[in-house]
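Chains as they are written, first to last, in this note's numbering: chain P, 7 to 292; chain X, 7 to 292.
Every residue, glycine too, gets a C-beta built ideally from N, C-alpha and C.
The next block holds one structure in the form of structure tokens; read it before the comments.
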């Protein structure tokens, strides 16, 4: 396994692989890898000759009052995990390698960034789109693997790939969970013992929503209020950021569960903001 | 010479060329080709095995009150010119091929877009960056040719190429002029006879600025007022949009002529907005 920090090195390695006819799968990460990342890497390994993992805590996707400085890092452990999973290359750039002095160019998808996390984090998706486009252009993967815990991110990136005519396949991968339902996230490391105990309520609210939808409830307002009630059981330890229902094409808010819908929650557990979601298959697509 | 309208066709042709080891040069245009475009195409032909000309009046680079609908078009004449110059492919997409329904992704360089044309045309460079990135990703040229009449466009696109790690060379080409100095532009077709007669004053203001700079004047305010005086000779037929001096890295306004500086003018001649400029080599780079 190779570990490189520069764009030129990373590009040279992936080009050599492609020149040998080897397909490249990419798993972009911010490091502090957990079993969710491992599932992406395994899938990439199954479907490609070579797997690249990028480990980069991307400053442009953090807002000014967010957790960039304290975002958890353990590169030695990330290296061990990647090595054990058969990764061929870790691309681990320093911020200056991605954003050199005078850097000026950003990618955005304003219409898809107004709801859900885009509302609470107005510059977040601009940062995500910019860094992921750069990774795609540097590494030129055949397939790229993303977890559906970050569902809005997946939909926006998939739209970018189509919009910019990028020649790669976006592969969505299911959210990996703790036994009690909590979605894996590097940010779970921030939780105190008490916070960790109540955090699965986010998942429970989504489970309740899915059960109501299966039972035939179509009024979003009714489902949202049941979800909010579940989160409120542990107020103020849990504080809702949003509970939103959006259709999966334009990510616009829906009032009725008829088409394919992303049902998403963001909540603060103590000071830690966590997100989770499920995808509801609309009647037309069942 | 092939003429295609779809992304897939254009990509297939340029890919086949590259697979045969042929280099591809691209000249992006909005059509209504003139001798300025011809000079870009000739240069591309000299330096590459194959030349692609894109002909696309890009709607996203026009503001709501600009001249998208009346922008001059003569595709048959463009085809003849390209054919006579040995172009291998004309990519002539319809707007829906570039911006299909639900299109959401845009590229921008806000810090480089605040001055000069970015001030008068706030969404212009977002449209330019987006369409040119798409052309680069679809056609994957080795070199791309742009006229320096649109100097801010060239600097912003060059920055995009560096920022996004695109593997191509941006080739700046000198402005081509009428015998009386007027910079060639498809928009010159809008000018009445009277307007056409006074339009060269824009160039004359720039010639005066360059003469003053050569004579050792370094105060931008002094040069700007001499330039404004020249344009005012034909007021109100000519109305200044801007006269600006910006350094060529970050495109920020300068008060003194010391470093490399772009000296740029935009002016309305009647209702037609024309631009022109020259590059002043700073003392450090002489």
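Around the beta carbon of residue 272 of chain P, 16 or more other beta carbons lie within 10 angstroms, which makes this residue buried. At a cut-off of 8 Å between C-beta atoms, residue 274 of chain X does not count as an interface residue with respect to chain P. The C-beta of residue 84 of chain X has 16 or more other C-beta atoms within 10 Å across all chains shown, which makes the residue buried. Here the alpha carbons of residue 48 of chain P and residue 134 of chain P stand approximately 23 Å from one another. Secondary structure note for residue 247 of chain X: its beta strand (DSSP E) is the uninterrupted segment 244-253. Straight through space, the alpha carbons of residue 164 of chain P and residue 12 of chain P are spaced by roughly 26 Å. Across the structure, residue 117 of chain X and residue 256 of chain X are spaced so that their CA atoms are roughly 7 Å apart. Taking a beta-carbon distance threshold of 8 Å, residue 156 of chain X does not count as an interface residue toward chain P.
Assignment of alpha helix (DSSP H) within the segment 180-237 of chain X, counting only whole runs of 4 or more residues, yields 199-204 and 207-220 in chain order. For residue 144 of chain P, at least one C-beta of chain X is nearer than 8 Å to its own C-beta. For the segment 108-131 of chain X, the set of positions with a beta-carbon nearer than 8 Å to some beta-carbon of chain P reads 108, 109, 110, 111, 112, 113, 114, 115, 116, 117 and 118 in chain order.
Short of 8 Å from the beta carbon of residue 218 of chain X, and not among the five residues preceding or following it, lie these beta carbons of its own chain, in chain order: 228, 229 and 232. In the structure shown, the three-state DSSP call for residue 34 of chain X is strand.
Residues of the same chain with a CB within less than 8 Å of the CB of residue 148 of chain X, apart from the 5 flanking positions on each side, are 29, 30, 31, 54, 174 and 175 in chain order.
Just measuring C-alpha positions, the residue of P:143, P:181 and P:76 sitting nearest residue 45 of chain P is P:181. Residue 17 of chain X and residue 145 of chain X have their C-alpha atoms roughly 6 Å apart. Minimum Cα-Cα distance from residue 10 of chain X among the listed residues X:66, X:43, X:94 and X:65 corresponds to X:94.
Of the candidates P:247, P:252 and P:253, the residue whose Cα lies closest to the Cα of residue 276 of chain P is P:247. Residues of chain X whose Cβ lies closer than 7 Å to the Cβ of residue 148 of chain P do not exist; the shortest such Cβ separation is about 15 Å.
Residue 288 of chain X is outside the set of residues whose beta carbon lies under 8 Å from a beta carbon in chain P. Taken through DSSP and simplified to helix, strand or coil, residue 141 of chain P comes out as helix.
Annotated three-state conformation of residue 153 of chain X is strand, per DSSP.
Residue range 41-53 is occupied by the alpha helix (DSSP H) that includes residue 52 of chain X.
Among the bridge pairs identified by DSSP, residue 97 of chain X is matched with X:10 and X:60. With respect to chain X, the C-beta atom of residue 139 of chain P has a partner C-beta closer than 8 Å. For residue 21 of chain X, the closest alpha carbon among the candidates X:129, X:206, X:143 and X:99 is that of X:143. Shortest Cα-Cα distance from residue 105 of chain P to any of X:171, X:129 and X:237 involves X:171. Across the segment 18-40 of chain P, no CB contact with chain X closer than 9 Å is found for any residue. Closer than 8 Å to the CB of residue 171 of chain X there is at least one CB belonging to chain P.
Around the beta carbon of residue 56 of chain P, a 10 Å sphere encloses 16 or more other beta carbons of the protein chains shown; the residue is thus reported as buried. Contact check for residue 258 of chain P against residue 266 of chain P fails: the beta carbons are separated by 8 Å or more. Proximity of residue 176 of chain P to chain X, defined by a Cβ-Cβ separation below 8 Å, is not satisfied. In the structure shown, residue 265 of chain X adopts coil according to DSSP, grouped into three states. Counting along the chain, residue 279 of chain X sits inside the beta strand (DSSP E) bounded by residues 278-286. Below 8 Å, enough C-beta pairs join the segment 205-223 of chain X and the segment 186-193 of chain X to call them touching: three or more. Sequence-distant partners of residue 245 of chain X (beyond 5 residues in either direction) whose C-beta falls short of 7 Å from its own C-beta, in its chain, are 273 and 274.
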